[in-house]
Amino acid sequence: MKLYRLIGSFFCLLSFSAGMFAEETDYSKGIIWVNEDWYGHQNSTVNYLMPDDPDGNFWKYRVVQAENPGKELGCTNQYGALWNGRLYLIAKQEKDPGATITGGRITVCDAKTMKILHQQSLIDPSGAQCDGRGFVGVDSHKGYVSSSNGVWVFDLDNFKITGQVAGTSNPNAGGDNDKPNTDPTGSLYHGQCGMMVRAAGKVFVAHQQYGLLVVDPKTDAVIDVISMDVVAEGAGIGSVVESKDGRLWCSVAKDLKGTGTAYRALLCIDPATLEYEVIDTPEGMYPPSNSWYAWTPDPFIASSVENCLYWKGGPDSWFTGTKIYKFNCDTRVQELFIDIAGDGEGWKLYGCAMGIHPVTDELYMALYHEFSIPTYITRRYSPQGEKIRDYEMIMNYWFPSLPLFPEGETLSGINRIPADSSSIMGNLYSMNGICVKRNVEYGNWIGIPPGIYIWKSNDSSRKVLIK
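With the working numbering applied, the sequence shown covers 1412 to 1878.
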């Protein structure tokens, strides 16, 4: 009897081990959400969303901590970027005041496994005050890290800051640096560098005081500056994005004070010639929100499928989070695309937390009710602005920052299947993960009610619309 029990236990152990391996996740297949998380209590976090999981297992929470026991991100990690198979995470400080673990201002993870490859506390090697902002990959060996004091060159082979990009520093640095680095009235919050875009062989940097910096990545130096005075005297830049056709678009702040007040215009720039055009915001509509006083990547994004932009706007700029606008870069027509408040459920977009899928052109947004309520959902919209579904989350003050969409053939975790797939059999699932029909031939939807489904074979899956 004991022998049988021992054998049974052995096979149970094998089954348990096999289950553990089956649970290993390839994080490059889904959507990565970067969260500020709860300042004053814990370090920042990363959640993982598999939006079309046929079994309904949509979320994995705090995946950096889960895959790296004893390690965490830094404090107020606002930005993340996928570049050449790695995830680059940039935090404002290396440790939250309420956390017990010191993370880093720069954290580099393997994009598939989420294992930490490198982490460092300082951006400025001298130890001077310098809080993290954003990241852009320049090439396979070099990246740029923007900060509260300039843009820094990051050696991607050796994980080392090698210097500052000439001409990007904060002219106010060295002023009232006795103020805490989290105090938005301090000098380093009035000449920061924020979002960056690589285009036409250059890197373009949003600089709070100077405007749009044009950087030559061969020399790591600023070669030109486009001041927002071309839009209006005393105006400042908000953010910069690149549209599908390769043009750059800058949102505009009313002044350089970092109050979040937006100027009613966009600035369009040819990245090759630096020629520009000012496009005024129509009456009755709002320009993109911006935030320098407590920097985040702005809710101002570009589609990879359609030549258009999306942004959040409202009368109180940053803190009005219900109206999403769409701007056609060809016709220059702006329209109200989504009114989140229209359903009467009381949801609002948190800060800058929205992104657009580079293949499906679907919008994903993190919604909340109030700052004091730790209830969040992620909402998914079709390219036509129709709600597809909500993804409920466990209770926590996530304060989401932005979603990151994977690159390559497995965008959103749906593998491509051969064009001639009529002879392939699989199972059809609802968007709630319920199996609707088994052993169905792809394309044979007779008797299936209209709607969006997931068809899945042994090693391939595809989202289908049945009309």
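Idealized CB from N, CA, C, for every residue including glycine.
Outcome for residue i when other beta-carbon atoms lying within 10 angstroms are tallied against a minimum of 16
i	result
residue 1636	exposed
residue 1714	buried
residue 1537	exposed
residue 1452	exposed
residue 1552	exposed
residue 1861	exposed
residue 1701	buried
residue 1639	buried
residue 1579	buried
residue 1782	exposed
residue 1693	exposed
residue 1744	exposed
residue 1583	buried
residue 1613	buried
residue 1827	Because residue 1827 sits at a pLDDT of 38, beneath the cut-off of 50, its placement in the model cannot be relied upon, and the following sentence gives the value as read from the coordinates. Label assigned to residue 1827: exposed.
residue 1877	exposed
Closest Cα partner of residue i within the set the options
i	options	result
residue 1605	1598, 1469, 1622	1622
residue 1718	1769, 1477, 1487, 1454	1769
residue 1679	1672, 1671, 1661, 1669	1661
residue 1535	1764, 1491, 1692, 1559	1559
residue 1497	1608, 1554, 1609, 1477	1554
residue 1722	1627, 1760, 1515, 1665	1760
residue 1748	1739, 1756, 1705	1739
residue 1561	1539, 1596, 1724, 1677	1539
residue 1509	1814, 1449, 1850	1449
residue 1572	1855, 1597, 1530	1530
residue 1689	1708, 1659, 1704	1659
residue 1459	1856, 1569, 1817	1817
residue 1706	1682, 1691, 1763	1763
residue 1599	1479, 1619, 1655, 1663	1619
residue 1696	1479, 1733, 1608	1733
residue 1879	1803, 1630, 1668, 1607	The requested residue 1879 is not part of the displayed model; the chain covers only 1412 to 1878.
Rounded Cβ spacing between residue i and residue j (contact assumed at less than 8 Å)
i	j	result
residue 1766	residue 1775	6 Å
residue 1482	residue 1436	Between residue 1436 and residue 1482 the Cβ distance is about 17 Å, and since that is not below 8 Å, they are no contact.
residue 1848	residue 1465	Contact flag wrong, Cβ pair sits at about 12 Å.
residue 1518	residue 1500	4 Å
residue 1808	residue 1840	With 8 Å as the limit, residue 1808 and residue 1840 do not qualify as a contact, their Cβ atoms being about 33 Å apart.
Paired residues, beta bridge with residue i - DSSP
i	result
residue 1563	1556, 1575
residue 1599	Answer is none; residue 1599 lacks a bridge partner.
residue 1583	Per DSSP, none; premise fails for residue 1583.
residue 1437	Residue 1437 pairs with nothing; no bridge assigned.
residue 1615	1608, 1625
residue 1853	Note: residue 1853 sits in no beta bridge, so no partner.
residue 1632	1577, 1627
residue 1766	1775
residue 1521	1497
residue 1446	1456, 1811
residue 1877	1862
Enumerate, from N- to C-terminal direction, the unbroken beta strand (DSSP E) stretches of 3 or more residues contained entirely within the stretch 1449-1511.
1456-1460, 1486-1494, 1497-1504
Entirely within the stretch 1691-1753 and at least 3 residues each: give me those beta strand (DSSP E) ranges in chain order.
1711-1713, 1719-1723, 1734-1739, 1745-1750
Please go through the stretch 1659-1686 and give each complete alpha helix (DSSP H) segment of 4 or more residues, from N-terminal end onward.
none
Which runs of the beta strand (DSSP E) at least 3 residues long sit entirely within the stretch 1780-1820? Give them in chain order.
1787-1792, 1798-1803, 1811-1815
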